[in-house]
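J.:
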Amino acid sequence: MNIESQNDRNTILIVDDDATNLKFIQEILKDNYKIYAAPSGERALLFLQKKTPDLILLDIEMPGMNGYEVIMEIKRNPVWGEIPVIFLTSQDGRDKEEKGLALGAVDYITKPISPGVVKARVALHMELRSYRKNLEQLVENKTAQIQKTQDSVMQILSDVTAYRDNETGAHIKRTTLFCRVLVDNLLKIKYPGYVISKEYAENIVNAAKIHDMGKVAVPDGILLKPGRLTQREFEIIKMHTIYGAKILESAIENLGDDSFFLFVARELIETHHERWDGTGYPKGLMADEIPVSGRVMALADVYDALISRRPYKEPFSHEEALKLIFEESGDHFDPVLLEISEEVMAEFAKIAKEYRDEEYYMKMLV
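Each residue of the sequence shown is one higher than the one before, counting from 2 in the working numbering.
(1) Going by the beta-carbon positions, is the gap between Arg276 and His212 smaller than 8 angstroms?
(2) What residues in its chain sit with their C-beta under 7 angstroms from that of His126, if we drop five residues either side in the sequence?
(3) Quick check on the DSSP output: the beta strand (DSSP E) that includes Asp302 runs from which residue to which?
(4) Are Ile29 and Lys112 close, meaning C-beta to C-beta below 8 angstroms?
(5) Could you tell me which whole beta strand (DSSP E) segments of length 3 or greater appear in the stretch 71-158?
(6) Based on Cα-Cα distance, which residue from Lys100, Ala209, Asn11 and Thr280 lies nearest to Asn33?
(7) Counting C-beta neighbours from all protein chains within 10 Å, is the total for Thr162 16 or more, i.e. buried, or is it exposed?
(8) Using the three-state DSSP reduction, which class does Arg357 fall into: helix, strand or coil?
(9) Going by the beta-carbon positions, is the gap between Val71 and Leu46 smaller than 8 angstroms?
(10) Since Thr12 sits in a beta bridge, which residues does DSSP pair it with?
(11) Which same chain residues end up closer than 8 angstroms to Lys76 when comparing Cβ atoms and leaving out the 5 residues on each side of it in sequence?
(12) Could you give the residue range of the alpha helix (DSSP H) that holds Asp221?
(13) In whole angstroms, what is the alpha-carbon distance linking Phe235 and Pro283?
(14) Taking the continuous beta strand (DSSP E) assigned at Leu59, which residues delimit it?
(15) Look at Phe349 and Tyr313 and say whether their C-beta atoms are less than 8 angstroms apart.
(16) Return the chain-ordered ranges of every alpha helix (DSSP H) run that is complete within the stretch 229-272 and spans a minimum of 4 residues.
(17) Using a Cβ-Cβ cut-off of 8 angstroms (strictly less than) and excluding sequence neighbours within five positions of Glu331, which residues of its own chain qualify?
(18) Once DSSP output is grouped into helix, strand and coil, what is the label at Phe349?
(19) Strictly by DSSP, which residues pair up with Lys314?
(20) Judging by CA-CA distance, which residue of Asp289, Thr242 and Arg181 is the nearest neighbour of Thr272?
(21) Rounded to whole angstroms, what is the Cα-Cα separation between Ser131 and Asn22?
(22) For Tyr195 and Leu183, which I take to be in contact (beta-carbon distance under 8 angstroms), what is that distance rounded to the nearest angstrom?
(23) Return the chain-ordered list of same chain residues with a C-beta closer than 7 angstroms to the C-beta of Val367, the five sequence neighbours on each side being excluded.
(24) Kindly indicate the opening and closing residues of the alpha helix (DSSP H) around Ser342.
(25) With distances taken between CB atoms, is the gap from Ala209 to Thr176 smaller than 8 angstroms?
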């Protein structure tokens, strides 16, 4: 057998204090597997710190650490926990077999050892392990493909919004990155009451790209007006939160359980203009009634509005923008979110500098 095929062979660790048993089992399996032997439980655990085998044959009755103690240590370790363990037991060890299976063993082989039984049991569990690993890889690949599709959908909707509104190209990029900074911080610090899942965090970042999607339903004369809006025009602009949420409703209904990413997008779109004190729109939600996605987006959105040039105002500096935002703590913004995010918001200035309006160009359709 050449070196390459030897390296490709599955590995087995045999743990038994009886040297005769070790040698006998090794002879049975050596033609098909790469075999390692440990004469004690302690030596087996030392071996595992250096190498992870594909399967372990473990004797129960051993001096020092017995097989039960060894498997408990194996299952306690996240790196070793998935290694299938087959116990080696005596013929009168029915109770031992039950205890071993309860501790996580996948099978047992009774002594005296039968070569045919050893080969068959080992081959079966190697095949099952291979099948499980292949299945996990298929699931991982499918999940990655779904995520890629979701990201593409969000990007398409983001581009549609940007083409529609001449102010949103760099705005979308900056606010998405601001949200990334905020949710990554929440994931890191795990502050009580603000613990979010990684999936929810990623969906917030993706949804930030389309937070103003509802503006596609706002008339051009209002959306593209260069000066200040009248009160009536502002009321129409405010409807973009409702329009955006409604655009996603049918897709959410059609996708059912697979629509979590769109559900998060809808709640963010609908609530990112709500205020902590209940004076926001469209529903006048207050405090914890506003989902975390909406609170995060509100902070990113207002900061960007403050540092951006508008026909009716000059841009504020980073320091001036933060000062104004913190003055609104408990009124416009979630005071706890502000407090736990203050340190990382220093990164906002770097993002704003890198993606300035005058230097940022959207990819336009040709």
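Yeah, the Cβ is synthetic: ideal placement off N, Cα and C, and Gly gets one too.
Computed from a predicted model, the values in this text were never measured in an experiment.
T.: Working from what's here:
(1) Numbered from 1 along the sequence shown, position 275 holds the residue referred to as residue 276. Numbered from 1 along the sequence shown, position 211 holds the residue referred to as residue 212. The answer is no: Cβ separation not under 8 angstroms.
(2) Locating residue 126 in the sequence shown gives position 125, where the first residue counts as 1. Excluding positions up to five away in sequence, the list reads Leu56, Pro85, Ile87, Val107 and Asp108.
(3) In the sequence shown, counting from the first residue as 1, residue 302 sits at position 301. Segment Val293 to Ile308 is the alpha helix (DSSP H) holding Asp302; no beta strand (DSSP E) there.
(4) Reading the sequence shown from its first residue, position 28 is the one you call residue 29. Reading the sequence shown from its first residue, position 111 is the one you call residue 112. It is not a contact, given that the beta carbons lie outside the stated cut-off.
(5) 86-91 and 108-112
(6) Your numbering for residue 33 matches position 32 in the sequence shown. That would be Asn11, whose Cα lies nearest to the Cα of Asn33.
(7) Sequence index remark: in the sequence shown, residue 162 carries index 161 (1-based). Buried is the call here.
(8) Locating residue 357 in the sequence shown gives position 356, counting from the first residue. In the structure shown, Arg357 sits in coil (DSSP, three-state: anything other than H, G, I, E or B).
(9) Here residue 71 refers to the residue found at position 70 of the sequence shown. Here residue 46 refers to the residue found at position 45 of the sequence shown. Contact flag set, yes.
(10) Along the sequence shown, read from residue 1 onward, the residue named residue 12 stands at position 11. Its beta-bridge partners are Lys35.
(11) Translated into the one-based positions of the sequence shown, residue 76 becomes position 75. Hits under 8 angstroms: Gly82, Leu104 and Gly105.
(12) Looking up residue 221 in the sequence shown gives position 220. Element bounds for Asp221: Asp221 to Leu224.
(13) Counting from 1 along the sequence shown, the entry for residue 235 is found at position 234. Counting from 1 along the sequence shown, the entry for residue 283 is found at position 282. If you take the alpha carbons of Phe235 and Pro283, they lie about 12 angstroms apart.
(14) In the sequence shown, residue 59 corresponds to position 58, counting from 1. Leu56 to Asp60 is the span of the beta strand (DSSP E), which, as asked, contains Leu59.
(15) Taking the first residue of the sequence shown as 1, we reach residue 349 at position 348. Taking the first residue of the sequence shown as 1, we reach residue 313 at position 312. Their beta carbons are not under 8 angstroms apart, which means Phe349 does not touch Tyr313 by this criterion.
(16) 232-239, 241-256 and 261-272
(17) Position 330 of the sequence shown holds residue 331. The amino acid at residue 331 is misidentified as Glu; the sequence shows Gly. The answer, listed in chain order, is Trp277 and Asp278.
(18) Position 348 of the sequence shown, counted from the start, is the residue given in the question as residue 349. It is helical.
(19) Counted from its first residue, the sequence shown places residue 314 at position 313. In DSSP, Lys314 forms a bridge with Arg311.
(20) Residue numbering aside, residue 272 sits at position 271 when the sequence shown is read from its first letter. That would be Thr242, whose Cα lies nearest to the Cα of Thr272.
(21) Locating residue 131 in the sequence shown gives position 130, counting from the first residue. Locating residue 22 in the sequence shown gives position 21, counting from the first residue. The straight-line gap from Cα to Cα measures roughly 27 angstroms.
(22) For this step, residue 195 is matched to residue 194 along the sequence shown. For this step, residue 183 is matched to residue 182 along the sequence shown. With a Cβ gap of about 10 angstroms, Tyr195 and Leu183 do not count as contacting.
(23) Taking the first residue of the sequence shown as position 1, residue 367 is located at position 366. Caution is warranted here: a pLDDT of 34 is assigned to Val367, below 50, making its placement in the model unreliable, and the coordinate value is therefore given only provisionally. Hits under 7 angstroms: none found.
(24) Indexing the sequence shown from 1 puts residue 342 at position 341. Taken as a continuous stretch (DSSP letters only), the alpha helix (DSSP H) holding Ser342 covers Pro336 to Ser342.
(25) In the sequence shown, the residue the question calls residue 209 occupies position 208. In the sequence shown, the residue the question calls residue 176 occupies position 175. A contact, by the Cβ cut-off of 8 angstroms.
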